[in-house]
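Presented below is the structure to which this report refers.
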């Protein structure tokens, strides 16, 4: 599996001798092996030109841009290598068929409730008492089967997520409060970590969807909106507990991130450059973690699980084979 | 994936040929030394291209390990592969 490269320095990213080179402001030159790149994440202030964009396009490498204060600002995606009218037609058909759409929406929520539950029950056996949250999660899962429209399904997911987030204040070390999810902008350290973590999950899923012929804008749980890849939001919900939240717990409980890694402004709180770098490192390491896959009978990386999710969805749409959402099995 | 170390010895004015080529796949660790994780397919590409590039009196040696885990790697001084993915 190819890797993600993160650029934190300011400078210029350019094509040089058939690979990509970063020239930092103090004229340091660093090379990025293009043949091994899956995507490049830009966190610093970077100049680049069309020559670089067409070169990345030729190699199928995406550029994910994080703008001021690391808000996800957008992606420069390679030209679609995979196009399939049939897939798109089936994808839209499933969206248009209410029963089919609700069924898929429910599956995304069922998977994400399961994965939230895995995190909660992990900490439940480690000195915390989360029995009531576990019960709530089980109840929401049961209620899910009775939902008849997407808004209702979305409501169940919101209830589940609220219960799940209520455990954060207990799990996180002293000094870190959570007190409910807030964004645009995040108002405390924990919220800013969740925002940053979720945006990395989201960008990785955009790359994964691009590997299939699925259209990232046609979604089931989330309403397809303008100018956003809402299918990536659907799939991201499944993986946030595994990829973003576990990294947050790990970094804070091991003291690898402290309040010094944040910048607090009037009513926002965001990771500073060092904090973002620490977080991205841990995040990339967790993408590379592998697990034995029961159906494939081999080890796959977490990153590959994202791609498998896109493949499974596509296969479901094209062949009608049941879509089983990602549920952590280990 | 395999873990490889590539070292090469070429006429001084020709070394950039290998340098520029290998930079696309591996991390440049020292003059004429590269290392990193690659796929079998890329290793094949590297071998073929190396064969084409080298002249009669030049050579390249490719050490191949099935995984980085099998290398006991000690670096004295600064490690050039440190954070190769975080620029």
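Chains as they are written, first to last, in this note's numbering: chain A, 9 to 338; chain B, 59 to 145.
Positions of the beta carbon are idealized from the N, C-alpha and C atoms, including for glycine.
For residue 143/B, the number of other beta carbons within 10 angstroms of its own is at least 16, and it is reported as buried.
The C-beta separation of residue 253/A from residue 127/A comes to about 6 Å, placing the pair in contact by the 8 Å criterion. In this structure the region 328 to 338 of chain A does not lie against the region 256 to 267 of chain A, because fewer than three pairs of beta carbons, one per stretch, are closer than 8 Å.
Judged by beta-carbon spacing, residue 64/B lies beyond the 8 Å limit of residue 77/B, meaning their Cβ atoms are not closer than that value. When Cβ-Cβ separations below 8 Å define contact, residue 204/A makes no contact with chain B. In this structure residue 284/A is in contact with residue 51/A, their Cβ atoms being roughly 6 Å apart against a cut-off of 8 Å. Residue 82/B sits in coil when the DSSP states are folded into three classes, being neither helix nor strand. Assigned with DSSP and collapsed to three states, residue 62/B falls in strand. Setting aside the 5 residues that flank it on each side, residue 271/A is surrounded in the same chain by 278 and 280, each with a C-beta closer than 6 Å to its C-beta; the list follows chain order. The region 291 to 308 of chain A and the region 219 to 227 of chain A do not touch, with fewer than three beta-carbon pairs separated by less than 8 Å. Identification of residues in the region 153 to 172 of chain A having a C-beta nearer than 8 Å to some C-beta of chain B yields an empty set. Here the region 144 to 152 of chain A makes no contact with the region 98 to 105 of chain A; the two share fewer than three CB pairs at distances below 8 Å.
Comparing C-alpha distances from residue 120/A to each of 242/A, 48/A and 20/A shows the shortest one belongs to 242/A.
Only those residues of the region 73 to 87 of chain B whose C-beta falls short of 9 Å from the nearest C-beta of chain A are listed: 74, 77, 78, 79, 80, 81, 82, 83, 84, 85 and 86. The region 198 to 206 of chain A makes contact with the region 180 to 190 of chain A: 3 or more CB pairs, one atom from each, lie closer than 8 Å. Look at the beta carbons and you see the region 152 to 172 of chain A not touching the region 202 to 215 of chain A: under three pairs across the two are nearer than 8 Å. Contact annotation, residue 75/B with residue 15/A: C-beta distance approximately 27 Å; criterion of less than 8 Å not satisfied. Looking at 82/B, 134/B, 61/B and 70/B, the one whose alpha-carbon comes closest to that of residue 112/B is 70/B.
Look at residue 130/A here: in three-state DSSP terms it is helix. When C-beta distances to chain B are compared with 9 Å, every residue of the region 317 to 335 of chain A stays at or above that value. CA-CA distance, residue 165/A to residue 309/A, rounds to 27 Å. Look at the region 100 to 134 of chain B: the residues with a C-beta under 7 Å from a C-beta of chain A are 100.
Using a Cβ-Cβ cut-off of 9 Å, residue 269/A is close to nothing in chain B; its nearest Cβ partner there is about 15 Å away.
The residue among 73/B, 118/B and 72/B with its C-alpha nearest the C-alpha of residue 62/B is 118/B. Residue 88/A: not part of any alpha helix (DSSP H); DSSP gives it neither H nor E.
Per DSSP, residue 162/A is one residue of the alpha helix (DSSP H) stretching across 158 to 173. Take residue 22/A, set aside five residues on each side of it, and the residues of its chain with a beta-carbon closer than 6 Å to its own are 29 and 60, in chain order. With contacts defined by Cβ atoms closer than 8 Å, residue 46/A and residue 10/A form a contacting pair. Note: residue 68/B is not bridge-paired with any residue in the DSSP secondary-structure output. Under the 8 Å criterion on CB atoms, residue 17/A is classed as interfacial with respect to chain B. Here residue 133/B is exposed, its C-beta having fewer than 16 other C-beta atoms within 10 Å. Remark: C-beta atoms of residue 19/A and residue 73/A do not approach each other more closely than 8 Å. For the pair residue 79/A and residue 130/B, the Cα-to-Cα distance works out to about 40 Å.
In this structure residue 123/B is exposed. Its beta-carbon is surrounded by fewer than 16 other beta-carbon atoms within 10 angstroms.
Residue 121/B counts as exposed, since fewer than 16 other beta carbons sit within 10 angstroms of its beta carbon.
Taking each of 195/A, 190/A and 144/A in turn and checking the Cα distance to residue 171/A, the smallest one comes out for 144/A.
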